[in-house]
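**Q** According to my numbering, the sequence shown is numbered sequentially starting from 11. For each residue, glycine too, the CB sits at the ideal point set by N, CA and C.
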Amino acid sequence: MTLPGLSNLTGLENAQVLVRLDLNVPLADGVVQDDTRIEAALPTIKALLDRGARLALCSHLGKADGSPDSNCSLWPVAGFLAEVLGMEIPFVEDCLAPDRSAILAEHQVLLLENLRFHPGEKANDPAFAQALAEGFSHFVNDAFGTAHRAHASVSAAPSLFEKGYKAAGELMEREIQALSRVVNDPAQPFVAVVGGAKISTKTAPLEALLGKAERLLIGGGMANTFFLAKGLEVGRSLVEQDMLDTARAVMDRAEALGVELLLPTDVVVADAVSGTGRIEVVAAEAVPSHLLIVDLGPDSQKRYSQALADAQTVFWNGPMGVFEVDDFAAGTLAVAHAMASCPGFTVVGGGESVMAANKAGVEDRVSHISTGGGASLQYITGEPLPALTALEE
Ligand code: ADP
Ligand code: MG
Numbered sequence: 011m012t013l014p015g016l017s018n019l020t021g022l023e024n025a026q027v028l029v030r031l032d033l034n035v036p037l038a039d040g041v042v043q044d045d046t047r048i049e050a051a052l053p054t055i056k057a058l059l060d061r062g063a064r065l066a067l068c069s070h071l072g073k074a075d076g077s078p079d080s081n082c083s084l085w086p087v088a089g090f091l092a093e094v095l096g097m098e099i100p101f102v103e104d105c106l107a108p109d110r111s112a113i114l115a116e117h118q119v120l121l122l123e124n125l126r127f128h129p130g131e132k133a134n135d136p137a138f139a140q141a142l143a144e145g146f147s148h149f150v151n152d153a154f155g156t157a158h159r160a161h162a163s164v165s166a167a168p169s170l171f172e173k174g175y176k177a178a179g180e181l182m183e184r185e186i187q188a189l190s191r192v193v194n195d196p197a198q199p200f201v202a203v204v205g206g207a208k209i210s211t212k213t214a215p216l217e218a219l220l221g222k223a224e225r226l227l228i229g230g231g232m233a234n235t236f237f238l239a240k241g242l243e244v245g246r247s248l249v250e251q252d253m254l255d256t257a258r259a260v261m262d263r264a265e266a267l268g269v270e271l272l273l274p275t276d277v278v279v280a281d282a283v284s285g286t287g288r289i290e291v292v293a294a295e296a297v298p299s300h301l302l303i304v305d306l307g308p309d310s311q312k313r314y315s316q317a318l319a320d321a322q323t324v325f326w327n328g329p330m331g332v333f334e335v336d337d338f339a340a341g342t343l344a345v346a347h348a349m350a351s352c353p354g355f356t357v358v359g360g361g362e363s364v365m366a367a368n369k370a371g372v373e374d375r376v377s378h379i380s381t382g383g384g385a386s387l388q389y390i391t392g393e394p395l396p397a398l399t400a401l402e403e
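1. Please state the DSSP three-state secondary structure of Phe338.
2. Please list the terminal residues of the continuous beta strand (DSSP E) segment that includes Ala370.
3. Please state whether the Cβ-Cβ distance between Leu37 and Gln43 is less than 8 Å.
4. So for Lys73, helix, strand or coil by DSSP?
5. So Asp3 is in the alpha helix (DSSP H); what residue range does that whole segment cover?
6. In angstroms with no decimal places, state the Cα-to-Cα distance between Pro329 and Gly62.
7. Can you find a heavy atom of the ligand ADP that lies under 7 Å from the Cβ of Ala207?
8. Have a look at Ala404 and Leu273 and give me their C-alpha separation to the nearest angstrom.
9. Apply the 10 Å Cβ neighbour rule to His300 and answer buried if 16 or more other Cβ atoms are within range, or exposed otherwise.
10. For Val345 versus Tyr314, is the C-beta spacing smaller than 8 Å?
11. Could you compute how far the alpha carbon of Val193 sits from the alpha carbon of Ala112?
12. So does Phe333 have its beta carbon nearer than 7 Å to some heavy atom of the ligand ADP?
13. Might you give, ordered along the chain, the residues of its own chain that have their beta carbon closer than 8 Å to the beta carbon of Glu98, omitting 5 neighbours on each side?
14. Could you round the C-beta distance between Gly285 and Phe338 to whole angstroms and report it? I think they count as a contact, below 8 Å.
15. Residue range of the alpha helix (DSSP H) that Gln26 falls in?
16. Taking C-alpha atoms, which residue in Gly96, Pro129, Leu401, Ala177 lies nearest to Asp79?
17. Can you check whether the CB of Ala397 is closer than 8 Å to the CB of Asn18?
18. Pick helix, strand or coil for Arg288, following the three-state DSSP scheme.
19. If you follow the beta strand (DSSP E) that Leu122 is part of, which residue opens it and which one closes it?
20. Just to confirm before moving on: does the CB-CB distance between Pro308 and Val291 stay below 8 Å?
21. Gly174 to Leu395, Cα distance in whole Å?
22. Could you name the residues whose beta carbon sits closer than 5 Å to any heavy atom belonging to the ligand MG, keeping them in chain order?
23. Rounding to the nearest angstrom, what Cα-Cα distance links Leu28 and Leu142 in this structure?
24. In whole angstroms, what separates the C-alpha of Ala229 from that of Gly205?
25. Exposed or buried, what is Gly76 when buried is set at 16 or more other beta-carbons lying within 10 Å of its beta-carbon?
26. Distance, Cα to Cα, Val201 vs Ser169?
27. What does a CB cutoff of less than 7 Å around Cys82 pick up in its chain, not counting 5 residues either side in sequence?
28. Take His347 and list the residues in its own chain whose beta-carbon comes closer than 8 Å to its own, dropping the five residues that flank it on each side.
29. Do Phe333 and Thr323 have their beta-carbon atoms positioned less than 8 Å apart in this structure?
30. Determine the contact status of Leu226 and Leu271, defining contact as a CB-CB distance below 8 Å.
31. Hey, how far is the Cα of Leu67 from the Cα of Gly96?
32. With a threshold of 16 other CB atoms inside 10 Å of the CB of Gly155, please say whether the residue is buried or exposed.
33. When you compare only the Cα positions, how much space is there between Gly354 and Ser190?
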């Protein structure tokens with residue numbers, strides 16, 4: 011199935027369109043702290059406005075969990091949007107308010123309050139979905155970050171619309187284009203870089219990548235579990251004792267498939283992840299029992315950079331070390347620069363990985379930065395995303 015895009019929608023002139031966005035921006039004292047997600051939503055909003063549609067924008071925000079929570083109100087976002095779009099944007103304090111249609115008859119755009127103030131959103135409740143969709147002729151989903159969740163606004167609600175009346179927005183389409191290029195017949199050598207805190211959150215994508223990549227570069231906290239599985243000592247490093255079999259299985263499968271699996275040969279060790287105290291570089295076989303691994307050592311940085319130099323495809327998820335601390339960021343920054351310099355098509359996904367790419371200053375030199383960590387990992391595994399299924403059916 012191909013995903014319908016905005017060009018597949020008919021009859022938009024004056025139509026009332028329900029638009030699911032990812033406006034989950036960080037707030038402090040009711041002020042938007044980072045407008046990346048709002049900016050990312052603008053192309054779809056503008057494209058729909060250009061075609062004469064009237065838009066009810068909706069989203070979740072923060073940790074709202076089934077009841078109204080003033081700390082998670084989308085109200086500040088309405089003001090922000092009104093300013094960047096240069097139009098009045100009424101804010102509707104309940105996403106199911108019965109006067110939505112009447113307000114939209116008078117305005118081009120309105121913003122609905124946080125969907126997750128209703129328990130039906132996360133529960134994918136059909137009655138909530140019905141009430142949310144009531145009065146709208148069209149549905150557009152541009153919230154890639156929640157595409158892997160079977161929540162009402164992205165799953166049950168779009169199922170209520172017929173073909174030609176529902177579509178993915180521009181951001182969603184771009185995400186799927188980039189990720190499908192990685193998943194479906196990637197140009198070789200395809201180099202996958204997987205790091206971050208834990209192997210347990212990335213087992214399925216690791217297995218999927220083994221079937222596609224020629225090289226797999228492992229770093230970050232998850233490398234420690236591989237070390238332990240190989241019988242090395244890791245001192246006080248972050249490890250997952252119950253994941254040793256998984257690490258062994260990944261190494262065995264890599265060998266069986268002829269995938270080159272790289273683990274760090276040297277590491278930076280420290281007294282604490284906070285970056286205070288003693289810092290040394292040691293061989294991976296010689297981690298002192300009282301210290302913990304926090305980054306790739308210089309030899310590993312060189313090997314990983316060389317492994318990326320001729321890549322035609324790169325997928326990177328998970329930093330190579332505790333990059334938030336400047337002293338422990340070198341491995342992550344080296345990999346980011348090597349990825350940015352390679353000749354191939356490069357995709358970065360994951361909350362901290364995107365922050366790391368920004369810290370390295372390479373955000374303009376990678377082909378695609380995914381806005382959805384969990385969704386992009388699930389897409390890589392080949393497991394269907396509920397939001398895409400609902401648009402395609
Ligand atoms: P992403 O959000 O990109 O998917 P993760 O959430 O899996 O990445 O992991 C990111 C976190 O992993 C970072 O906050 C980083 O500090 C941490 N991390 C990386 N290497 C280590 C390590 N050796 N020990 C402890 N934490 C680590
Ligand atoms: Mg993360």
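**A** If we stick to the structure as given:
1. As a working mapping, residue 338 is identified with position 328 in the sequence shown. Looking at Phe338 - three-state DSSP - the assignment turns out to be helix.
2. Start at 1 with the first residue of the sequence shown, and residue 370 comes out as number 360. Run containing Ala370: none in the beta strand (DSSP E); it sits in the alpha helix (DSSP H), 361-370.
3. Here residue 37 is taken as the residue at index 27 of the sequence shown, counted from 1. Here residue 43 is taken as the residue at index 33 of the sequence shown, counted from 1. Yes, Cβ-Cβ distance for Leu37 and Gln43 is below 8 Å.
4. Within the sequence shown, residue 73 is the residue found at index 63, counting from 1. In the structure shown, Lys73 sits in coil (DSSP, three-state: anything other than H, G, I, E or B).
5. Only positions 11 to 403 of the chain appear in the structure, and residue 3 is not among them; the question remains open.
6. On the sequence shown, position 319 is the one that residue 329 refers to. On the sequence shown, position 52 is the one that residue 62 refers to. Answer to the nearest angstrom: the Cα atoms are 43 Å apart.
7. One-based indexing of the sequence shown puts residue 207 at position 197. Yes, the ligand ADP has a heavy atom inside 7 Å of this Cβ.
8. The first residue shown for the chain is 11 and the last is 403, placing residue 404 beyond what the model contains.
9. The residue labelled residue 300 in the question sits at position 290 within the sequence shown. Result: exposed.
10. Within the sequence shown, the letter at position 335 stands for residue 345. Within the sequence shown, the letter at position 304 stands for residue 314. Yes, they are a contact pair.
11. The residue labelled residue 193 in the question sits at position 183 within the sequence shown. The residue labelled residue 112 in the question sits at position 102 within the sequence shown. Taking the straight line joining both Cα atoms gives about 45 Å.
12. The sequence position of residue 333 within the sequence shown is 323, counting from 1. Phe333: yes, Cβ under 7 Å from the ligand ADP.
13. To locate residue 98, count along the sequence shown from 1; it is residue 88. Hits under 8 Å: Ala92, His117.
14. Taking the first residue of the sequence shown as 1, we reach residue 285 at position 275. Taking the first residue of the sequence shown as 1, we reach residue 338 at position 328. Indeed they touch by this definition, with Cβ atoms about 6 Å apart.
15. Taking the first residue of the sequence shown as position 1, residue 26 is located at position 16. No alpha helix (DSSP H) contains Gln26, which is instead part of the beta strand (DSSP E) from 26-30.
16. As a first step, residue 79 must be located in the sequence shown, where it is residue number 69. Per the Cα distances, Pro129.
17. By 1-based counting over the sequence shown, the position of residue 18 is 8. By 1-based counting over the sequence shown, the position of residue 397 is 387. Contact: no.
18. On the sequence shown, position 278 is the one that residue 288 refers to. Three-state DSSP puts Arg288 in coil, outside helix and strand.
19. Mapped onto the sequence shown, residue 122 falls at position 112. Its beta strand (DSSP E) spans residues 119-122.
20. The sequence position of residue 308 within the sequence shown is 298, counting from 1. The sequence position of residue 291 within the sequence shown is 281, counting from 1. Yes, these two residues count as a Cβ contact at 8 Å.
21. Counted from its first residue, the sequence shown places residue 174 at position 164. Counted from its first residue, the sequence shown places residue 395 at position 385. If I take the Cα positions, the gap works out to 20 Å.
22. Gly361, Glu362
23. Sequence index remark: in the sequence shown, residue 28 carries index 18 (1-based). Sequence index remark: in the sequence shown, residue 142 carries index 132 (1-based). Straight-line Cα distance between these residues: approximately 9 Å.
24. Here residue 229 refers to the residue found at position 219 of the sequence shown. Here residue 205 refers to the residue found at position 195 of the sequence shown. Correcting the residue type first, residue 229 is Gly in the shown sequence and not Ala. In a straight line, the C-alpha of Gly229 is about 4 Å away from that of Gly205.
25. Walking along the sequence shown from the start, residue 76 turns up at place 66. It is exposed - the Cβ of Gly76 has fewer than 16 other Cβ atoms within 10 Å.
26. As a first step, residue 201 must be located in the sequence shown, where it is residue number 191. As a first step, residue 169 must be located in the sequence shown, where it is residue number 159. About 37 Å.
27. To locate residue 82, count along the sequence shown from 1; it is residue 72. Excluding residues within five positions, the ones whose Cβ falls inside 7 Å are Leu71, Gly72, Lys73, Ala74, Asn124.
28. Residue 347 sits at position 337 when you count from the first residue of the sequence shown. Only Ser315, Ala370, Val372 meet the Cβ criterion.
29. What you label residue 323 is simply residue 313 of the sequence shown in a count that begins at 1. What you label residue 333 is simply residue 323 of the sequence shown in a count that begins at 1. No, Cβ-Cβ distance for Thr323 and Phe333 is not below 8 Å.
30. To locate residue 226, count along the sequence shown from 1; it is residue 216. To locate residue 271, count along the sequence shown from 1; it is residue 261. The answer is yes: Cβ separation under 8 Å.
31. Within the sequence shown, residue 67 is the residue found at index 57, counting from 1. Within the sequence shown, residue 96 is the residue found at index 86, counting from 1. Spanning the two alpha carbons is a distance of roughly 16 Å.
32. Residue mapping note: residue 155 aligns to position 145 of the sequence shown, counting from 1. Per the 10 Å Cβ criterion, buried.
33. Taking the first residue of the sequence shown as 1, we reach residue 354 at position 344. Taking the first residue of the sequence shown as 1, we reach residue 190 at position 180. Between Gly354 and Ser190, the C-alpha separation is close to 15 Å.
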